[in-house]
Amino acid sequence: MNKIMEWTRTHYCGDLKTENVDQEVVLMGWCQTRRDHGGVIFVDLRDYTGISQIVFKMEISETSHVLADSIRGEFVLAVKGKVAHRIEGNVNPKLPTGEIEIMVDTLEILNKSETPPYVLENRENVDEKLRLTYRFLDLRDSTLQNNLMLRSQSLQIVRNYFISQRFFEIETPILTKSTPEGARDYLVPSRVNPGLFFALPQSPQLFKQLLMISGYDRYMQLARCFRDEDLRGNRQPEFTQIDLELSFTEPEEIYKLTEGLMVKLFEETISVKVETPFQRMTYQESMENYGSDAPDIRFDLKLKDISDIASECELRVFKQVVDKGGIVKAICVPGGADFSRKDLDDLTEFAQIYGAKGMAWIKRNQDGWQSPIGKFFTSKQKDALEERVGLNLGDLVLFCADNTKVVHDALGNLRKEIALRRGLINNSE
Numbered sequence: 001m002n003k004i005m006e007w008t009r010t011h012y013c014g015d016l017k018t019e020n021v022d023q024e025v026v027l028m029g030w031c032q033t034r035r036d037h038g039g040v041i042f043v044d045l046r047d048y049t050g051i052s053q054i055v056f057k058m059e060i061s062e063t064s065h066v067l068a069d070s071i072r073g074e075f076v077l078a079v080k081g082k083v084a085h086r087i088e089g090n091v092n093p094k095l096p097t098g099e100i101e102i103m104v105d106t107l108e109i110l111n112k113s114e115t116p117p118y119v120l121e122n123r124e125n126v127d128e129k130l131r132l133t134y135r136f137l138d139l140r141d142s143t144l145q146n147n148l149m150l151r152s153q154s155l156q157i158v159r160n161y162f163i164s165q166r167f168f169e170i171e172t173p174i175l176t177k178s179t180p181e182g183a184r185d186y187l188v189p190s191r192v193n194p195g196l197f198f199a200l201p202q203s204p205q206l207f208k209q210l211l212m213i214s215g216y217d218r219y220m221q222l223a224r225c226f227r228d229e230d231l232r233g234n235r236q237p238e239f240t241q242i243d244l245e246l247s248f249t250e251p252e253e254i255y256k257l258t259e260g261l262m263v264k265l266f267e268e269t270i271s272v273k274v275e276t277p278f279q280r281m282t283y284q285e286s287m288e289n290y291g292s293d294a295p296d297i298r299f300d301l302k303l304k305d306i307s308d309i310a311s312e313c314e315l316r317v318f319k320q321v322v323d324k325g326g327i328v329k330a331i332c333v334p335g336g337a338d339f340s341r342k343d344l345d346d347l348t349e350f351a352q353i354y355g356a357k358g359m360a361w362i363k364r365n366q367d368g369w370q371s372p373i374g375k376f377f378t379s380k381q382k383d384a385l386e387e388r389v390g391l392n393l394g395d396l397v398l399f400c401a402d403n404t405k406v407v408h409d410a411l412g413n414l415r416k417e418i419a420l421r422r423g424l425i426n427n428s429e
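Be aware that the sequence shown starts at 1, since it is given in the numbering used here, and climbs by one per residue.
Following this line, the structure appears as C-alpha cells:
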C-alpha cells in the first residue's frame with residue numbers, strides 16, 4: 001500500500017491561518033498553478049475550501065524538490081510540511097490564507113493529469129460545450145462548487161425548519177403509475193410485466209394526498225420530479241422541489257410558514273435579514289399590473305389600462321380591439337425618449353414573439369408628443385393619457401392592443417426586457 005494512504009489529512013487548504021504557524025500539517029488537493037523562482041518552487045494547492053501556497057526548497061527536502069519539478073496543472077498531490085509566515089512583500093490580501101505558506105518536507109503525487117483542455121482560471125471565456133464535455137473539470141471551479149455548497153446548506157436548512165414545525169419527511173415512490181399532469185411522462189419498461197411501464201413522477205401530488213387521509217397531518221419532501229418537456233430558462237427534465245402538504249390548515253398559516261422559511265434561509269445562508277410580512281397581491285392585481293403571475297417587483301414599469309381612453313380616440317386599431325372585447329394597455333419608460341427607431345423596432349419584434357401584432361409608441365419631448373399616433377388623440381385625451389400612465393418630459397410610452405392574454409404576455413415580458421436593457425434590476429434584491 002502507498003505510504004500516503006497511511007497519512008491523515010489534518011487541514012483543508014482554505015482553513016490555515018497565522019495561528020497555525022509552526023504546526024506540522026498534511027494537505028491534499030489539486031495543483032492550481034506551479035511557479036519556479038530561482039530554484040524555489042511554489043504551488044497553489046486547491047481543494048473546495050480554497051487555496052494554500054506550498055513551497056519546495058532544496059535545503060528542506062531535496063527529494064521533494066526534485067519531484068515537485070514534475071508537477072503540472074491539475075496533478076493531485078499530498079504534502080506534509082510546516083506552516084510559516086510569508087515573507088514581507090509576498091503576502092496576498094486577496095486570499096484568506098494569503099499570510100501563510102507551507103514549507104514542504106514530504107510530497108506524494110497521488111495522480112498525474114494530462115494537459116487540461118482549458119485553464120480553469122479562464123473558464124468564463126471557454127465555450128460551454130467544451131466545459132460540459134469535461135464536466136468533471138468544470139465542476140472544480142470555485143463558483144460552481146460554491147453554488148453546490150450553498151444548495152446543500154439550503155436544503156439542510158429547509159429540512160430542519162419543517163421538521164421543527166412538526167412535519168414528517170416522507171419519501172414517496174419514484175416508479176409509479178402515470179397520472180394526468182402538466183407535461184408528458186418519462187416511461188420505464190417493466191421487466192417482470194412485459195409491455196407495461198412505470199412512469200417517473202411529475203410531482204408527488206397523489207401520494208401526499210394519500211398521506212393526508214392516512215392521518216400524517218404534515219408532510220414535506222425534497223422531491224425529485226421528472227417532466228418530459230422542452231427546455232427553457234425555468235424548465236428542465238428533472239428538478240428538485242420543496243414539496244409540502246398540510247391537513248386542518250388555513251391560508252394564513254401557510255403564508256406564515258413560507259415567510260418563516262424564507263427568513264431563515266436568507267439569514268443563515270447570506271446573512272440578509274428579510275422583513276415580514278411579505279407584500280401580498282391577488283392574482284388579478286398581479287396580472288393587471290405586471291402581466292404575470294410571478295412578477296418581478298424590483299422595478300416599476302407597471303402596465304396601465306387605457307382601454308377607455310383608446311375607445312374614444314380616432315385610432316381605428318385601438319377602437320376595433322376594444323369594441324371586440326379586447327384591451328389596450330401601456331408601459332411608461334422613464335427617460336425612454338432616447339430610444340432610437342432601431343430600438344423601438346427591436347422591442348416591437350420582441351413583443352411579437354408573444355403574440356402581439358405590433359406596438360405603438362409615444363415620446364414626450366420639449367415640443368410635446370413625438371409619435372405616429374399623436375394625431376388621433378385630442379388635447380383632452382392626451383392629458384388624460386399622460387395622467388393615467390405618468391408620462392413626463394423625456395419619457396416613452398409603449399402600447400399593445402389585443403385580447404387580454406396577448407396583451408399581458410407581450411407587455412409582461414416586454415417590461416422585463418426593458419428593465420434588462422435599461423439596467424433597472426438590482427440583482428442584490
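Note that the Cβ used here is the ideal one computed from N, Cα and C, for glycine as well.
Every value quoted in this text rests on a predicted model; they were computed, and no experiment measured them.
Straight-line gap, residue i to residue j (C-alpha atoms, nearest Å)
i	j	result
methionine 103	phenylalanine 136	30 Å
lysine 342	threonine 348	10 Å
serine 178	arginine 151	30 Å
asparagine 403	phenylalanine 376	22 Å
threonine 115	isoleucine 71	11 Å
leucine 265	arginine 298	20 Å
glycine 38	phenylalanine 56	11 Å
threonine 240	proline 173	14 Å
arginine 184	leucine 196	17 Å
alanine 337	aspartate 296	23 Å
isoleucine 87	glutamate 121	26 Å
leucine 187	threonine 176	10 Å
lysine 82	leucine 45	15 Å
arginine 421	lysine 17	44 Å
lysine 94	isoleucine 170	45 Å
valine 274	proline 194	54 Å
lysine 319	lysine 256	46 Å
glycine 182	serine 203	10 Å
glutamate 74	proline 251	53 Å
leucine 493	serine 113	Any answer about residue 493 is impossible in this case: the structure gives the chain only from 1 up to 429.
Beta-carbon contacts of residue i that lie in its chain and below 6 Å, excluding the five residues immediately before and after
i	result
arginine 28	Correcting the residue identity first, residue 28 is methionine in this sequence and not arginine. Taken in chain order, the residues that qualify are Arg9, Ala78.
tyrosine 134	Pro117
phenylalanine 168	Tyr216, Tyr219
histidine 408	Met287, Gly291
arginine 123	Asp141
lysine 208	Tyr219, Glu245
alanine 223	Pro204, Gln241, Asp243
Residue span of the beta strand (DSSP E) that contains residue i, given as start and end
i	result
methionine 103	100-111
valine 79	76-85
alanine 360	360-365
Sub-7 Å separation of residue i and residue j beta-carbons
i	j	result
glycine 390	cysteine 332	yes
glutamine 381	isoleucine 309	yes
phenylalanine 226	leucine 210	no
aspartate 36	tyrosine 12	no
glycine 423	tyrosine 290	no
leucine 261	tyrosine 161	yes
tryptophan 30	valine 76	yes
phenylalanine 350	leucine 396	no
valine 26	tryptophan 7	yes
serine 247	methionine 212	yes
glutamine 153	threonine 269	yes
methionine 359	leucine 303	no
aspartate 105	serine 61	yes
isoleucine 41	alanine 68	yes
leucine 393	arginine 364	yes
Where the alpha helix (DSSP H) through residue i begins and ends
i	result
methionine 262	251-270
alanine 199	Per DSSP, alanine 199 belongs to no alpha helix (DSSP H); it is in the beta strand (DSSP E), 197-199.
glycine 412	404-422
arginine 131	128-133
phenylalanine 350	341-353
alanine 310	307-310
lysine 273	Per DSSP, lysine 273 belongs to no alpha helix (DSSP H) and is neither H nor E.
threonine 143	142-164
alanine 384	379-389
tyrosine 283	283-290
phenylalanine 42	It is not in any alpha helix (DSSP H) - phenylalanine 42 instead sits in the beta strand (DSSP E) that spans 40-47.
Nearest-angstrom Cβ-Cβ length linking residue i and residue j, presumed shorter than 8 Å
i	j	result
isoleucine 306	valine 328	5 Å
valine 317	alanine 410	Rounded, the Cβ-Cβ distance is 15 Å, inconsistent with contact.
arginine 388	leucine 301	About 15 Å separates the two Cβ atoms, so there is no contact after all.
histidine 85	valine 21	6 Å
Beta-carbon contacts of residue i that lie in its chain and below 7 Å, excluding the five residues immediately before and after
i	result
glutamate 259	Thr276, Pro277, Phe278
leucine 344	Trp361
aspartate 15	Thr49
glycine 98	Val91, Asn92
Contacts around residue i, its chain only, beta-carbon distance under 8 Å, and the 5 residues preceding and following it disregarded
i	result
leucine 206	Thr179
aspartate 293	Tyr283, Ser286, Met287
glycine 325	Asn403
Below-7 Å beta-carbon distance, residue i vs any chain B residue
i	result
leucine 265	This model lacks chain B altogether; it includes just one protein chain.
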